[in-house]
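Visitor:
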Amino acid sequence: MLIHTGEKPHVCDLCNESFRLKGNLIRHILIHTEDNSHLCDVSNKSLREKGALNKHMFVHTGRKFHVCDVCNQSFKQKSALKKHLLNHAWQKPYVCEMRNNSFKGKCKLKKHMLIHTGEKTHMCEVCKKSFRLKGDLIRHILIHTGEKPHLCEVCNRSFRQKGILNKYMLIHTGEKPYVCEICNRTFSQKSDLSKHRLIHTGEKPHVCEICKSSFRRKDALNKHVLTHTREKPHLCEICNKSFRQKGALNKHMHIIHTGEKPHICEVCNRAFSQKSDLNKHMLIHTGEKPHVCELCNKSFRRKHALNKHMLTHTSKKAYVCQVCNHSFEQKAVLNKHMLIHTGEEP
1 MLIHTGEKPH VCDLCNESFR LKGNLIRHIL IHTEDNSHLC DVSNKSLREK GALNKHMFVH
61 TGRKFHVCDV CNQSFKQKSA LKKHLLNHAW QKPYVCEMRN NSFKGKCKLK KHMLIHTGEK
121 THMCEVCKKS FRLKGDLIRH ILIHTGEKPH LCEVCNRSFR QKGILNKYML IHTGEKPYVC
181 EICNRTFSQK SDLSKHRLIH TGEKPHVCEI CKSSFRRKDA LNKHVLTHTR EKPHLCEICN
241 KSFRQKGALN KHMHIIHTGE KPHICEVCNR AFSQKSDLNK HMLIHTGEKP HVCELCNKSF
301 RRKHALNKHM LTHTSKKAYV CQVCNHSFEQ KAVLNKHMLI HTGEEP
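Here full-length UniProt numbering is used: the first residue of the sequence shown is 1, the next is one more, and so on.
In structure tokens:
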């Protein structure tokens with residue numbers, strides 16, 4: 001507690017200098033007495049403190065006990081080791097042997113390795129769900145307690161996580177500091193810009209291990225994987241209907257149970273139940289057409305419009321009449337054709 005109070009009760013009788021700890025006062029008094037009572041048996045050098053003598057003895061023994069964890073170089077003094085570590089500051093010497101990811105610290109590598117081992121040591125005592133990281137468990141527990149400790153000072157809306165609050169605050173500020181160098185589109189989050197860049201590069205870094213399909217976004221891969229497992233882990237607590245994707249559950253909740261449309265277009269004030277629907281809608285205002293045909297460079301706002309367009313190049317007629325096997329490029333044309341068989345007026 002003396003650190004916090006600033007109190008220094010131990011006072012030198014010779015010069016009135018004061019100290020927090022009695023041991024510091026005793027070492028200080030040696031300055032006045034010139035008592036160098038700790039003698040080196042090798043060189044007869046005398047030192048005031050036993051610790052100083054121990055450190056001095058390494059000069060004679062050649063022992064170096066401060067070892068660098070990165071390159072195993074050893075040093076006699078801790079200060080020399082600290083200075084040496086600056087040489088490794090830019091390096092990431094700890095490498096994952098499975099993916100070649102590299103990390104600055106050993107603890108970060110250990111945390112990363114949990115992805116490969118699948119080990120989840122942190123378990124929720126309420127629902128027994130387990131997590132790799134303690135931080136993930138702490139955030140999960142807030143679901144059970146209902147606690148939302150992070151409060152927006154503008155509108156008093158509360159959030160479970162500080163990161164979500166920070167992201168939400170950009171709605172009030174309207175700030176979009178991250179700019180795409182290619183099309184100048186702006187984003188409020190750096191992660192959104194990184195995802196957007198993949199549209200221009202065509203890169204799809206997330207690969208399904210089962211069928212090798214690739215995706216631009218990790219969440220798209222996660223959704224795709226569920227088509228192989230047929231698992232529906234997201235359960236509606238009101239009607240017990242289950243869904244493969246969390247987004248589908250949220251959409252179900254907004255449309256069927258709450259009717260809430262929290263995502264509002266800043267241009268025309270149109271409201272949407274899903275953020276993805278708002279993002280698609282925004283393309284109308286920005287004029288952006290991110291889906292480009294690789295054959296003729298014609299661009300489209302939506303992926304399904306590009307897919308429909310591709311049929312004009314392949315001459316593939318994907319929609320087949322089950323009555324007469326006549327095939328069509330577009331579903332709408334097939335529907336119109338079916339009226340012939342049903343006897344309805346076209």
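By construction, the Cβ of each residue, glycine as well, lies at the ideal position given by its N, Cα and C atoms.
1. Reducing DSSP to helix, strand and coil, say where V126 ends up.
2. Do you know how far the Cα of K104 is from the Cα of K83?
3. At 4 residues or longer, what runs of the alpha helix (DSSP H) sit wholly inside the UniProt domain "C2H2-type" (291-318)?
4. Between the C-alpha atoms of L283 and K110, what's the straight-line distance to the nearest angstrom?
5. Nearest CA to the CA of L133: which residue from L25, I26, L114, K280?
6. Could you pull the start and end residues of the alpha helix (DSSP H) that N166 belongs to?
7. If contact is defined by three or more beta carbon pairs under 8 Å, each pair taking one atom from either stretch, is the segment 157-172 in contact with the segment 141-149?
8. Rounded to a whole number of angstroms, what is the C-alpha to C-alpha distance between V67 and N24?
9. Just to confirm the assignment, what range does the alpha helix (DSSP H) spanning K232 have?
10. Closest to T172 by C-alpha separation, out of R244, R217, I264, would be which residue?
11. From the DSSP output, which residues share a beta bridge with A271?
12. Evaluate L249 with the Cβ neighbour count: other Cβ atoms within 10 Å of its Cβ, from every protein chain shown; 16 or more gives buried, anything less gives exposed.
13. What do you get for R270, buried or exposed, if any count of 16 or more other CB atoms within 10 angstroms of its CB means buried?
14. Using the C-alpha atoms, what's the distance from K45 back to C12?
15. I'd like to know whether the C-beta atoms of S102 and K92 end up nearer to each other than 7 Å.
16. Identify, in the order they occur along the chain, each residue of the same chain with its Cβ nearer than 8 Å to the Cβ of D277, setting aside the five sequence neighbours on each side.
17. Between which two residues does the alpha helix (DSSP H) harbouring H326 extend?
18. How would you call P346, buried or exposed, if buried means at least 16 neighbouring beta carbons within 10 angstroms?
19. What residue range is occupied by the uninterrupted alpha helix (DSSP H) comprising G146?
20. So is H285 buried or exposed if we call it buried at 16+ other beta carbons inside 10 Å?
Guide: Taking the coordinates as given:
1. coil
2. 17 Å
3. 303-314
4. When rounded, the distance between both Cα atoms is 42 Å.
5. L114
6. In the DSSP assignment, N166 falls within the alpha helix (DSSP H) that extends over 162-173.
7. yes
8. 29 Å
9. From DSSP, K232 is part of no alpha helix (DSSP H); its letter is neither H nor E.
10. Looking at the sequence provided, one finds His at residue 172 rather than Thr. Per the Cα distances, I264.
11. Beta-bridge pairing links A271 to I264.
12. buried
13. Exposed, since its Cβ has fewer than 16 Cβ neighbours within 10 Å.
14. 27 Å
15. yes
16. Once the five neighbours on either side are set aside, the close Cβ partners of D277 are H263.
17. Here H326 belongs to no alpha helix (DSSP H), and DSSP marks it neither H nor E.
18. Only weak support exists for where P346 lies, its pLDDT of 49 falling under 50; the value from the coordinates is given anyway. P346 comes out exposed.
19. From DSSP, G146 is part of no alpha helix (DSSP H); its letter is neither H nor E.
20. exposed
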